[in-house]
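There are 2 protein chains.
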Amino acid sequence: MPETFPSQPEVSRPTMIDVARRAGVGLGTVSRVVNGGHGVRDQTAQRVRAAIDELGFQRNEVARALRPGKKSTSLALVLGDLTNPFYASIAKASLEVAGQSGFAVVLGSVDEDPEGEKRAIQELVSRQVAGLMIVPDQGDHAFLQGAGVPVVFVDRPATGIDADIVMVDNEGGGRIAAEHLLEQGHERIAIILAPSYYTIGRRLRGFRRAHRAAGIDVDESLVIQLPEGNAEAAEKATREVMLRPNPPTAIFSSTNFLTEGVLRALGELGREPAVVGFDDFRLADMLPTPVTVVASDIAELGRSAARLLLDRASGADTRPPQRIVLPCALIERGSGERPPDSAGKRSSR
Amino acid sequence: MPETFPSQPEVSRPTMIDVARRAGVGLGTVSRVVNGGHGVRDQTAQRVRAAIDELGFQRNEVARALRPGKKSTSLALVLGDLTNPFYASIAKASLEVAGQSGFAVVLGSVDEDPEGEKRAIQELVSRQVAGLMIVPDQGDHAFLQGAGVPVVFVDRPATGIDADIVMVDNEGGGRIAAEHLLEQGHERIAIILAPSYYTIGRRLRGFRRAHRAAGIDVDESLVIQLPEGNAEAAEKATREVMLRPNPPTAIFSSTNFLTEGVLRALGELGREPAVVGFDDFRLADMLPTPVTVVASDIAELGRSAARLLLDRASGADTRPPQRIVLPCALIERGSGERPPDSAGKRSSR
DNA sequence: TAAAACGTTGGAAACGTTACCGTCCAGGAG
DNA sequence: CTCCTGGACGGTAACGTTTCCAACGTTTTA
Numbered sequence: 001m002p003e004t005f006p007s008q009p010e011v012s013r014p015t016m017i018d019v020a021r022r023a024g025v026g027l028g029t030v031s032r033v034v035n036g037g038h039g040v041r042d043q044t045a046q047r048v049r050a051a052i053d054e055l056g057f058q059r060n061e062v063a064r065a066l067r068p069g070k071k072s073t074s075l076a077l078v079l080g081d082l083t084n085p086f087y088a089s090i091a092k093a094s095l096e097v098a099g100q101s102g103f104a105v106v107l108g109s110v111d112e113d114p115e116g117e118k119r120a121i122q123e124l125v126s127r128q129v130a131g132l133m134i135v136p137d138q139g140d141h142a143f144l145q146g147a148g149v150p151v152v153f154v155d156r157p158a159t160g161i162d163a164d165i166v167m168v169d170n171e172g173g174g175r176i177a178a179e180h181l182l183e184q185g186h187e188r189i190a191i192i193l194a195p196s197y198y199t200i201g202r203r204l205r206g207f208r209r210a211h212r213a214a215g216i217d218v219d220e221s222l223v224i225q226l227p228e229g230n231a232e233a234a235e236k237a238t239r240e241v242m243l244r245p246n247p248p249t250a251i252f253s254s255t256n257f258l259t260e261g262v263l264r265a266l267g268e269l270g271r272e273p274a275v276v277g278f279d280d281f282r283l284a285d286m287l288p289t290p291v292t293v294v295a296s297d298i299a300e301l302g303r304s305a306a307r308l309l310l311d312r313a314s315g316a317d318t319r320p321p322q323r324i325v326l327p328c329a330l331i332e333r334g335s336g337e338r339p340p341d342s343a344g345k346r347s348s349r
Numbered sequence: 001m002p003e004t005f006p007s008q009p010e011v012s013r014p015t016m017i018d019v020a021r022r023a024g025v026g027l028g029t030v031s032r033v034v035n036g037g038h039g040v041r042d043q044t045a046q047r048v049r050a051a052i053d054e055l056g057f058q059r060n061e062v063a064r065a066l067r068p069g070k071k072s073t074s075l076a077l078v079l080g081d082l083t084n085p086f087y088a089s090i091a092k093a094s095l096e097v098a099g100q101s102g103f104a105v106v107l108g109s110v111d112e113d114p115e116g117e118k119r120a121i122q123e124l125v126s127r128q129v130a131g132l133m134i135v136p137d138q139g140d141h142a143f144l145q146g147a148g149v150p151v152v153f154v155d156r157p158a159t160g161i162d163a164d165i166v167m168v169d170n171e172g173g174g175r176i177a178a179e180h181l182l183e184q185g186h187e188r189i190a191i192i193l194a195p196s197y198y199t200i201g202r203r204l205r206g207f208r209r210a211h212r213a214a215g216i217d218v219d220e221s222l223v224i225q226l227p228e229g230n231a232e233a234a235e236k237a238t239r240e241v242m243l244r245p246n247p248p249t250a251i252f253s254s255t256n257f258l259t260e261g262v263l264r265a266l267g268e269l270g271r272e273p274a275v276v277g278f279d280d281f282r283l284a285d286m287l288p289t290p291v292t293v294v295a296s297d298i299a300e301l302g303r304s305a306a307r308l309l310l311d312r313a314s315g316a317d318t319r320p321p322q323r324i325v326l327p328c329a330l331i332e333r334g335s336g337e338r339p340p341d342s343a344g345k346r347s348s349r
């Protein structure tokens with residue numbers, strides 16, 4: 001018979017009652033000291049603080065949050081694949097801002113389907129979080145309307161609910177990318193699109209507007225809608241389009257993962273059309289041809305969302321739903337500056 | 001005077017008492033139904049379930065966790081920079097495993113200093129999480145010993161406490177990397193080390209053992225200890241060592257970010273010693289010379305940690321502290337297969 | 001000197017849930 | 001017919017905190 005350890009040491013942590021007994025004061029007094037100590041004599045407060053130190057008392061946040069009106073000091077963050085540096089940046093930044101205000105961040109587990117998202121959100125709400133930051137999936141989010149907890153959407157708005165939203169200027173970014181390529185003289189620019197998320201639609205719109213402004217028609221056969229938003233799909237689509245009789249001289253890929261797939265296909269084909277990607281990514285400047293991208297401050301996206309949510313949760317901000325839009329900027333690195341006639345040639349490097 | 005909105009809709013969510021009233025049953029009966037419904041007649045349970053649906057009732061997890069013995073259904077995860085794909089992978093994987101068991105994951109905000117880490121952990125403990133997963137900083141973690149909550153360390157052990165640990169075979173990885181370079185005939189191999197974390201020390205030990213086994217002395221001037229663990233420090237150090245009169249013919253970089261700096265320096269110098277990095281990274285195969293790495297299953301690190309912690313938290317696992325070590329494997333891509341005499345030459349690509 | 005005002009403190013209720021205990025009723029055994 | 005057993009259910013205490021109210025003592029004011 002194997003020796004077993006006690007499953008939990010079960011050294012129940014001291015409570016305020018223990019502290020009160022130890023300090024020889026009432027329960028209410030301990031609470032007052034713990035919460036700033038107003039209305040308590042210095043001498044008494046000192047005794048209480050001493051007892052707290054001796055016992056190693058720590059306030060039980062769960063019990064605290066139970067009191068009516070007292071919201072918990074946690075925010076929830078619901079997002080997709082943390083492995084995507086885009087999401088990771090948001091998470092990191094919002095975590096920092098929340099932490100500075102003494103808030104913890106709860107991450108719901110996020111499958112990719114809308115139903116899973118809804119379940120995750122419900123779970124989080126049942127944990128009485130003070131607010132929700134959500135990078136929403138496509139489904140309807142009306143169920144959040146009367147949830148009684150403030151919500152800030154990140155990166156894209158949700159349907160069925162009017163709430164705060166923090167996002168980047170997708171249309172502007174798409175426009176800038178297309179303008180840049182058009183200025184180089186490109187007239188046949190392919191655009192690789194991830195499955196129709198809101199953001200992608202806006203990027204396409206900017207792309208079209210830039211063409212219209214330049215008086216150049218968009219070749220609809222070069223508007224490529226992928227079935228999936230991963231690198232593999234982009235790689236396959238790129239290979240296909242570059243092998244057509246009349247391939248594009250430039251490619252705008254609408255997502256960081258997509259850009260990766262595009263570059264992989266081009267590398268294998270030995271072709272070098274101009275390439276501009278949406279969203280910057282690590283090592284973009286170290287690839288055989290450094291990659292030109294349209295970038296925005298993703299961390300600021302997370303920071304803004306967290307700040308806004310904290311203000312909503314505290315009741316400090318009672319304005320109608322806000323819409324914060326962060327700018328995009330072009331970062332020229334080489335791949336986006338290739339002239340139209342370079343397509344198909346191998347570089348001499 | 002600007003019109004203000006009510007800060008919170010304040011539609012206090014229905015409680016079990018509301019459900020009980022609505023269904024015409026007692027409070028205890030509702031609780032029984034919500035928790036599996038044993039000892040309740042089918043007909044009664046049906047009425048209760050109907051009331052729950054009509055009111056949109058959701059159990060208040062905070063109140064539930066307040067009851068003695070009832071641990072909360074959240075795990076805490078404390079780690080460094082989420083922007084590092086290594087940490088992001090751990091977070092994602094543990095999130096998935098926890099989610100499958102209905103557990104949420106709370107991320108503490110993590111500054112880089114040990115004091116901040118301690119504060120973050122205390123915060124998390126005060127939230128009554130069921131368990132802690134920690135990628136520990138260097139400081140002493142003895143304060144966790146009697147915290148009454150199970151702890152699993154991830155990636156590296158902590159001092160001052162005997163707890164479960166899930167990590168990769170750092171020494172083996174270091175050995176494999178060095179062996180691989182030695183087999184190519186390299187005799188002057190530099191190793192770039194991040195500030196002395198446990199893991200780095202083990203990798204160095206493996207590096208030394210491989211040398212000893214091959215009967216080759218390690219040139220101590222090529223054991224380079226960085227002041228900081230970022231790419232910039234590695235870039236500077238690499239430039240410095242490659243410009244020495246007798247530069248190394250190969251470099252082993254002990255961290256993914258470090259590898260990035262190493263490659264950057266080499267690219268600018270136009271030198272091509274063999275390079276092996278510890279930990280795989282995105283786009284490693286698409287760089288001008290694809291990068292050979294020693295890799296392990298980081299996601300499995302996170303999954304194992306979460307599984308183990310869940311078992312500990314539930315009391316299902318009462319074994320003495322476990323030590324799980326995941327293997328490392330070499331992924332040959334090119335940079336690690338350069339012969340000694342290629343150093344200094346530009347490639348012909 | 002008495003009354004009022006104020007600051008400090010103790011005590012109790014309440015938050016929403018679970019667990020225990022007691023009651024009630026139906027049905028079977030004696 | 002009575003007693004007992006057992007399942008179903010209702011009520012209540014308890015978890016640890018915050019907040020409100022009452023009580024007390026001291027000081028100020030009339």
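So the sequences go chain by chain: A and B.
The first sequence begins at 1 in our numbering and counts up one residue at a time.
The second sequence begins at 1 in our numbering and counts up one residue at a time.
Note that beta-carbon positions come from the ideal geometry of N, C-alpha and C, so glycine has one too.
As the structure is a prediction and not an experimental result, all values here were calculated from the model.
Can you list the residues of chain A that residue i reaches, using a CB-CB cut of under 9 Å?
i, result
"N60 (chain B)", "L66, S126, R127 and Q128"
"L355 (chain B)", "One cannot answer for residue 355 (chain B) here, as it falls past the ends of chain B, which runs 1 to 349."
Mind listing the chain B neighbours of residue i? Cutoff is C-beta to C-beta under 8 Å, in chain order.
i, result
"V106 (chain A)", "S74, A104, V105, V106 and L107"
"K92 (chain A)", "D81, L82 and T83"
Would you call residue i buried or exposed, if buried means 16 or more other Cβ atoms sit within 10 Å of its Cβ?
i, result
"P245 (chain B)", "exposed"
"D341 (chain A)", "exposed"
"P227 (chain A)", "exposed"
"P248 (chain A)", "buried"
"H38 (chain B)", "exposed"
"F5 (chain B)", "Interpretation of F5 (chain B) is limited by its pLDDT of 36, a score under 50 that renders its predicted location unreliable; the figure taken from the coordinates is listed afterwards. By the 10 Å Cβ count, F5 (chain B) comes out exposed."
"G102 (chain A)", "exposed"
"T29 (chain B)", "buried"
"T292 (chain B)", "buried"
"R212 (chain B)", "exposed"
By the criterion of Cβ-Cβ separation under 7 Å, what are the contact partners of residue i in chain B?
i, result
"L89 (chain A)", "This sequence places Ser at residue 89 (chain A); Leu is not what is there. Within chain B, the residues near S89 (chain A) are T83."
"G288 (chain A)", "The amino acid occupying residue 288 (chain A) in the given sequence is Pro; Gly does not appear at that position. Simply P288."
Can you tell me the Cβ-Cβ gap for residue i and residue j, rounded? I've got them flagged as a contact below 8 Å.
i, j, result
"V330 (chain A)", "V294 (chain A)", "A small fix is needed here, since residue 330 (chain A) is Leu in this sequence, not Val. That pair is a contact at about 6 Å."
"V325 (chain A)", "D111 (chain A)", "The pair is not a contact, with the Cβ atoms about 29 Å apart (cut-off 8 Å)."
"V152 (chain B)", "D164 (chain B)", "4 Å"
"S94 (chain B)", "R282 (chain B)", "About 20 Å separates the two Cβ atoms, so there is no contact after all."
Look up residue i in the DSSP assignment and say whether it is helix, strand or coil.
i, result
"T292 (chain B)", "strand"
"I17 (chain A)", "helix"
"F57 (chain A)", "coil"
"Q100 (chain B)", "helix"
"S253 (chain B)", "strand"
"D155 (chain B)", "coil"
"A178 (chain B)", "helix"
"L66 (chain B)", "helix"
Using 8 Å as the threshold, is the C-beta distance between residue i and residue j below it?
i, j, result
"V241 (chain A)", "A178 (chain A)", "no"
"R119 (chain A)", "R175 (chain A)", "no"
"E272 (chain B)", "L266 (chain B)", "yes"
"A88 (chain A)", "T83 (chain B)", "yes"
"R202 (chain B)", "E232 (chain B)", "no"
"G131 (chain B)", "V154 (chain B)", "no"
"L310 (chain B)", "Q322 (chain B)", "no"
"R277 (chain B)", "T289 (chain B)", "It is Gly, not Arg, that sits at residue 277 (chain B) in the sequence shown. Contact: no."
"L107 (chain B)", "L77 (chain B)", "yes"
"A299 (chain B)", "K92 (chain B)", "yes"
"I192 (chain B)", "I251 (chain B)", "yes"
"Q128 (chain B)", "S196 (chain B)", "no"
"A142 (chain A)", "G116 (chain A)", "no"
"A284 (chain A)", "G229 (chain A)", "no"
"L79 (chain A)", "V135 (chain A)", "yes"
Anything in chain A within Cβ reach of residue i, meaning under 7 Å, just list it in chain order.
i, result
"A63 (chain B)", "L66"
"E115 (chain B)", "Chain A residues near E115 (chain B): none, gap ~14 Å exceeds 7 Å."
"G36 (chain B)", "Under the 7 Å cutoff, chain A gives no residues; its nearest Cβ is about 17 Å from G36 (chain B)."
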